[in-house]
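S.K.: Got a structure here, written out as structure tokens. Questions coming.
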Amino acid sequence: MVRVTLDSITKRFGDFEALKRVSLEISDKEFMALLGPSGSGKSTLLYTIAGIYRPTSGRIYFDGRDVTDVPPKDRNVGLVFQNWALYPHMKVFDNIAFPLELRKAPKDEIARKVREVAEMLRIENLLDRYPWQLSGGQQQRVAIARALVKEPDVLLLDEPLSNLDALLRLEVRAELKRLQKELGITAVYVTHDQAEALAMADRIAVIKEGVILQVGTPDDVYYRPKYRFVGGFLGSPPMNFVEAEIEGPYLNVYGSVIPVPAQYRETVERLGVTEVILGFRPHDAEVVKGKAEGLAGTVYSFEPLGREQIVTVSVNGAFVKVFAPEGEHFSFGEPVTVKLREDRIVLFDKKSEKALEFLGD
Ligand SMILES: Nc1ncnc2c1ncn2[C@@H]1O[C@H](COP(=O)(O)OP(=O)(O)OP(=O)(O)O)[C@@H](O)[C@H]1O
Ligand SMILES: [Mg+2]
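Numbering (full-length UniProt numbering), first residue to last: 1 to 361.
Spelled out as structure tokens, the structure:
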């Protein structure tokens with residue numbers, strides 16, 4: 001239950017810079033997701049918070065106290081590793097009890113606490129088994145129990161659900177989110193799964209190549225991405241991007257002309273930009289038959305998903321994906337117009353791929 005402050009953390013391995021001046025403030029009791037592609041530095045950052053790695057430069061504070069030189073065992077963090085190995089020769093009880101044994105806690109206290117977390121994670125009937133007698137999901141919960149049993153100030157989770165099947169992931173994810181709030185523990189949750197980050201986190205830090213590109217609520221990063229990369233990393237399917245040219249009050253998108261969105265008129269004029277990338281989410285557009293105001297194109301493909309379908313439209317060779325209601329019928333090559341929801345359009349500078357409203361930052 002502490003506030004974690006990262007102040008300009010750089011981590012080098014030899015001459016490779018895995019983290020580049022990362023600054024981040026994680027509030028007390030906050031659930032912060034660290035989201036980024038493979039190799040972006042997520043684990044490195046988590047292990048730096050845990051104290052397993054020492055930053056090459058920069059400082060780390062817990063509740064304002066500088067812990068940069070404090071070893072992991074004195075930081076009171078609970079860590080669930082990416083490959084969450086349990087001790088194979090120990091029963092579940094002893095696996096969970098291990099951090100308390102290390103602290104030489106009294107036997108009856110150990111027994112009580114192990115039982116408590118085991119109940120919380122619904123593995124109390126498994127305490128007498130060995131890890132190899134458990135399913136992947138059960139082993140996962142044991143690893144989480146082991147991290148929780150010492151009542152850590154900060155819970156650090158590195159892709160803790162990556163080895164579970166899709167259904168179990170959904171189940172454990174809901175439990176974990178609830179547990180974190182119930183216990184009021186500050187949590188940092190590393191994942192490369194955008195859906196997981198959106199579903200679980202209070203705030204998401206999007207990291208790429210050792211740089212945090214944006215920190216914000218799920219709503220912020222989803223609807224107001226600071227970079228094209230963020231828009232394209234979140235959402236399924238992700239944000240659509242098409243190149244556009246600004247011609248006075250209009251956007252020319254491969255020959256289709258639409259007004260510059262109201263929320264951008266002032267910015268566009270002030271910045272005097274001419275080449276942009278227009279971004280919009282698949283559910284912030286609709287496909288209408290024939291000609292209308294919007295992006296003219298033809299139906300390239302359509303995929304029913306049960307409740308809705310994804311229609312891929314070729315807009316003069318650029319493909320965009322749009323959700324359409326389940327009952328609507330489309331045919332290949334059919335001429336259509338993609339009508340955009342104006343207030344949800346995001347315009348990015350073509351060169352820097354940064355959203356126009358953030359260009360000054
Ligand atoms: N001990 C190390 N020595 C040298 N390079 C390292 C070391 N640990 C990590 N790296 C490099 O630092 C970069 C970031 O690694 P990191 O493990 O933090 O990525 P990640 O975001 O956790 O990726 P993944 O999603 O695949 O787990 C990678 O390019 C990796 O090869
Ligand atoms: Mg990792």
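Virtual Cβ for every residue (Gly too), placed ideally from N, Cα, C.
With a threshold of 7 Å, establish whether the CB of F13 neighbours any heavy atom of ligand 1.
M.R.: Within the sequence shown, numbered from 1, the residue matching residue 13 stands at position 13. It does: the Cβ of F13 is within 7 Å (strictly closer) of some heavy atom of ligand 1.
S.K.: Which two residues bound the contiguous alpha helix (DSSP H) that contains F93?
M.R.: Counted from its first residue, the sequence shown places residue 93 at position 93. Going by DSSP, F93 is part of the alpha helix (DSSP H) stretching over V92 to L102.
S.K.: Just how far apart, CA to CA, sit M32 and R341?
M.R.: Position 32 of the sequence shown, counted from the first residue, corresponds to residue 32. Position 341 of the sequence shown, counted from the first residue, corresponds to residue 341. Answer to the nearest angstrom: the Cα atoms are 30 Å apart.
S.K.: Under 7 Å from any heavy atom of ligand 3, by CB: list those residues in chain order, please.
M.R.: No copy of ligand 3 occurs in the structure displayed; its ligands are ligand 1 and ligand 2 alone.
S.K.: Would N240 be called buried (16 or more neighbouring beta carbons within 10 Å of its own) or exposed?
M.R.: Position 240 of the sequence shown, counted from the first residue, corresponds to residue 240. When all chains shown are included, N240 counts as buried.
S.K.: Counting pairs of Cβ atoms below 8 Å between the region 114-123 and the region 158-169, do you hit three or more?
M.R.: Look at the beta carbons and you see the region 114-123 not touching the region 158-169: under three pairs across the two are nearer than 8 Å.
S.K.: For V192, verify whether its CB is less than 7 Å away from any heavy atom of ligand 1.
M.R.: The residue labelled residue 192 in the question sits at position 192 within the sequence shown. Correcting the residue type first, residue 192 is His in the shown sequence and not Val. Because some heavy atom of ligand 1 lies under 7 Å away, the Cβ of H192 counts as near it: yes.
S.K.: Is L356 closer than 8 Å to Y264 when the C-beta atoms are compared?
M.R.: Taking the sequence shown and counting its residues from 1, the one referred to as residue 264 is at position 264. Taking the sequence shown and counting its residues from 1, the one referred to as residue 356 is at position 356. A contact, by the Cβ cut-off of 8 Å.
S.K.: Does the Cβ of L24 have 16 or more other Cβ atoms within 10 Å, making it buried, or fewer, making it exposed?
M.R.: Taking the sequence shown and counting its residues from 1, the one referred to as residue 24 is at position 24. Buried: at least 16 other Cβ atoms inside 10 Å.
S.K.: Applying the criterion that 16 or more other CB atoms from any shown protein chain within 10 Å of the CB defines a buried residue, is Q140 buried or exposed?
M.R.: Within the sequence shown, the letter at position 140 stands for residue 140. That one is buried.
S.K.: Leaving out the 5 sequence neighbours to the left and right, which residues in its chain are closer than 8 Å to S331 when beta-carbon positions are compared?
M.R.: Residue numbering aside, residue 331 sits at position 331 when the sequence shown is read from its first letter. Closer than 8 Å at Cβ, skipping near neighbours: V299.
S.K.: Can S40 be considered in contact with ligand 1, in the sense that its beta carbon sits closer than 7 Å to one or more heavy atoms?
M.R.: Within the sequence shown, numbered from 1, the residue matching residue 40 stands at position 40. Indeed, a heavy atom of ligand 1 lies less than 7 Å from the Cβ.
S.K.: Quick check: does the Cβ of G36 come within less than 7 Å of any heavy atom belonging to ligand 1?
M.R.: For the purposes of this step, residue 36 is taken as residue 36 along the sequence shown, with counting starting at 1. True, at least one ligand heavy atom lies under 7 Å from that Cβ.
S.K.: Determine the DSSP secondary structure at M32, reduced to helix, strand or coil.
M.R.: Translated into positions along the sequence shown, residue 32 becomes position 32. In the structure shown, M32 sits in a strand (DSSP, three-state: E or B).
S.K.: Decide if the region 276-296 is in contact with the region 345-359; the criterion is three or more beta carbon pairs, one per stretch, under 8 Å apart.
M.R.: Judged by Cβ distances under 8 Å, the region 276-296 makes contact with the region 345-359, as three or more pairs qualify.
S.K.: Could you check which residue in G255, G317 and S301 has the C-alpha nearest to that of E293?
M.R.: Counting from 1 along the sequence shown, the entry for residue 293 is found at position 293. Ranking the options by Cα distance to E293, first place goes to G255.
S.K.: Below 8 Å CB to CB, which residues in the same chain sit around E353 once its five sequence neighbours on both sides are set aside?
M.R.: Start at 1 with the first residue of the sequence shown, and residue 353 comes out as number 353. These residues qualify, in order along the chain: Y227, R228, F229 and I277.
S.K.: Would you identify the three-state DSSP class for G232, choosing helix, strand or coil?
M.R.: Start at 1 with the first residue of the sequence shown, and residue 232 comes out as number 232. Three-state DSSP puts G232 in a helix.
S.K.: To test your reading of the DSSP string, which unbroken beta strand (DSSP E) runs of 3 or more residues are found completely within the region 120-195?
M.R.: 154-158 and 186-191
S.K.: Please give the ranges of any beta strand (DSSP E) in the region 218-282, keeping only runs that are unbroken, at least 3 residues long and fully inside the region.
M.R.: 240-247, 250-253, 256-259 and 275-280
S.K.: For residue 364, which of V77, P325 and P261 has the nearest alpha-carbon?
M.R.: No answer is possible for residue 364: the residues shown for the chain start at 1 and end at 361.
S.K.: Would you mind giving the Cβ-Cβ distance between T10 and P72, rounded to the nearest angstrom? I have them listed as a contact below 8 Å.
M.R.: Within the sequence shown, the letter at position 10 stands for residue 10. Within the sequence shown, the letter at position 72 stands for residue 72. The pair is not a contact, with the Cβ atoms about 20 Å apart (cut-off 8 Å).
S.K.: Let's see if you can read the secondary structure: which residues bound the beta strand (DSSP E) around T68?
M.R.: As a position in the sequence shown, residue 68 is number 68, starting the count at 1. Segment: none, T68 is in no beta strand (DSSP E) and carries neither H nor E.
S.K.: Using a Cβ-Cβ cutoff of less than 7 Å, which residues in the same chain neighbour A145 once the five nearest sequence positions on both sides are dropped?
M.R.: Here residue 145 refers to the residue found at position 145 when the sequence shown is read from its first residue. Result list for A145: I96, V117, A118, L121 and I123, in chain order.
S.K.: When you compare each of N83, R169 and P335 to D193 by their alpha carbons, which one comes out closest?
M.R.: Translated into positions along the sequence shown, residue 193 becomes position 193. Taking only the C-alpha atoms, the option nearest D193 is R169.
S.K.: Quick one: grab the DSSP three-state call for D343.
M.R.: Within the sequence shown, residue 343 is the residue found at index 343, counting from 1. Helix at D343.
S.K.: Whole angstroms is fine: what's the gap from G149's alpha carbon to L179's?
M.R.: Mapped onto the sequence shown, residue 149 falls at position 149. Mapped onto the sequence shown, residue 179 falls at position 179. In the sequence on display, residue 149 carries Val and not Gly. Looking at the two C-alpha atoms, the distance is approximately 13 Å.
S.K.: Quick one: does the C-beta of F16 sit closer than 7 Å to a heavy atom of ligand 1?
M.R.: Along the sequence shown, one-based indexing puts residue 16 at 16. Yes, ligand 1 has a heavy atom inside 7 Å of this Cβ.
S.K.: CA-CA distance, residue 386 and H329?
M.R.: What is shown of the chain runs 1 to 361, which leaves residue 386 out entirely.
S.K.: Measuring only the C-alpha atoms, how far is F13 from S57?
M.R.: Taking the first residue of the sequence shown as position 1, residue 13 is located at position 13. Taking the first residue of the sequence shown as position 1, residue 57 is located at position 57. Roughly 12 Å between the two C-alpha positions.
S.K.: Suppose you measure from the CA of L34 to the CA of P238; what does that come to, to the nearest Å?
M.R.: Residue numbering aside, residue 34 sits at position 34 when the sequence shown is read from its first letter. Residue numbering aside, residue 238 sits at position 238 when the sequence shown is read from its first letter. Answer to the nearest angstrom: the Cα atoms are 18 Å apart.
S.K.: Relative to the alpha-carbon of G360, which residue among V273, Y250 and G235 has its alpha-carbon at the smallest distance?
M.R.: Locating residue 360 in the sequence shown gives position 360, counting from the first residue. For the options V273, Y250 and G235, the alpha carbon positioned closest to that of G360 is the one of V273.
S.K.: For my contact list, A50 and L155 are in at a C-beta cut-off of 8 Å; report their separation, rounded to the angstrom.
M.R.: In the sequence shown, counting from the first residue as 1, residue 50 sits at position 50. In the sequence shown, counting from the first residue as 1, residue 155 sits at position 155. About 11 Å separates the two Cβ atoms, so there is no contact after all.
S.K.: With DSSP as the reference, please indicate the residues paired to residue 374 in a beta bridge.
M.R.: No answer is possible for residue 374: it lies beyond the span of the chain, which begins at 1 and ends at 361.
S.K.: Looking at the strands, I want to know which residues DSSP matches up with T298.
M.R.: One-based indexing of the sequence shown puts residue 298 at position 298. Looking at the DSSP assignment, T298 forms a beta bridge with S314 and P335.
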